[in-house]
Amino acid sequence: MAYQGKKQFQTTYDQSNALFIYIVVAAYLGGKVFFFFENPTYYIRHLSKVFSGNGFVFFGSLLFAIPTMLWFFRKHRIPVLPMLDIMGIVTCIVHGLGRIGCFLSGCCHGKPTDSFLNVVFTNPVCQAEPLNTPLHPTQLYEAGFLFSLMIFLLWLKANKKFDGQVFLTYLIVYSVGRSLLELLRGDEERGYVIQNLVSHSQFISLLVICISGFFYVKLRRKGKIGRA
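First residue of the sequence shown? That's 20 in the working numbering, and the numbers climb one at a time after it.
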């Protein structure tokens with residue numbers, strides 16, 4: 020990211036480091052805030068659990084990070100849309116690695132399955148439930164999906180029709196994929212908007228798809244490409 024920014028937009032490494040810190044802080048806060056609102060009644064009584072090492076909501080991190088990036092880019096007069104295109108690709112990498120971490124800890128696990136594509140968690144320390152039962156490895160499904168999306172976005176960046184296309188495509192495609200993966204998730208504690216029908220992440224995905232789709236159409240009509 021630092022190399023791309025320096026090459027295309029004459030950003031400094033200090034700016035890249037500062038952006039990294041801002042994003043990490045925003046992502047942490049957003050992930051925890053959304054985690055709290057998954058079950059506010061419980062976490063009001065057990066507030067310390069909100070700030071434990073476990074428990075993040077990706078969409079919370081993303082939705083806090085986006086305005087942080089917009090503010091930073093405007094403050095330092097960095098082209099917003101071309102830089103967001105780069106950040107979409109970077110996010111796929113970071114998020115994909117994060118899902119591998121989820122797999123190693125057992126969180127964000129899938130439902131029980133008879134499929135040959137299964138994983139059995141046996142260590143009682145891990146967060147997967149139930150133990151000793153074949154589960155969908157949804158963490159690895161999502162990691163593979165994200166790395167595949169990254170490859171597609173790299174191609175799209177070289178062939179894009181307008182600035183912002185890569186980032187908006189990332190938001191739309193990821194949200195669609197995440198909604199489908201939610202159907203295989205077995206960690207019921209992540210919460211539902213409509214019990215056992217529409218999860219929080221599926222609801223947020225729908226909002227992200229609609230908003231991103233609106234801006235996609237709007238920017239496509241302008242069809243402008245800057246230095247990226």
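Where a beta carbon is used, it is the ideal one built from N, C-alpha and C, also for glycine.
None of these values were measured; they are calculated from a predicted model.
- Where I213 is concerned, the enclosing beta strand (DSSP E) starts and stops at 211-213.
- Between I105 and the set F92, L202, L116, the nearest pair of CA atoms involves F92.
- Minimum Cα-Cα distance from Q34 among the listed residues V43, V44, H95 corresponds to H95.
- For G49 and N151, the gap between their C-alpha atoms comes out near 33 Å.
- Sorting F181, I63, R209 by C-alpha distance to the C-alpha of F78 places R209 at the top.
- G129 is bridged by DSSP to R204.
- Taking the Cα positions, F233 is about 24 Å away from F53.
- Between K176 and G242, the C-beta gap is not smaller than 9 Å, which leaves the two residues out of contact.
- Per DSSP, reduced to three states, the secondary structure at L154 is strand.
- With three or more CB-CB distances shorter than 8 Å, the stretch 105-121 counts as touching the stretch 160-169.
- Membership of I97 in any alpha helix (DSSP H) is not indicated, and neither H nor E is assigned to it by DSSP.
- From the listed residues G196, R204, V236, R239, the smallest Cα separation to S224 is found for G196.
- Q34: member of the alpha helix (DSSP H) spanning 32-57, first to last residue.
- Non-local C-beta neighbours of P149 in its own chain, meaning closer than 8 Å and more than five positions away in sequence, comprise P131, ordered along the chain.
- Rounded to whole angstroms, F39 and T60 show a C-alpha spacing of 33 Å.
- Distances from the alpha-carbon of L238 to those of F186, L203, D182 put D182 closest.
- Under DSSP, V139 shares a beta bridge with P153.
- For Q221, the enclosing alpha helix (DSSP H) starts and ends at 219-241.
- A direct Cα-to-Cα measurement between T30 and G120 gives close to 31 Å.
- Sequence-distant Cβ neighbours of S198 in its own chain, meaning closer than 6 Å and more than five residues away, are Q221, S224.
- With respect to the C-alpha of D133, the residue from E161, L203, P98, C145 having the closest C-alpha is L203.
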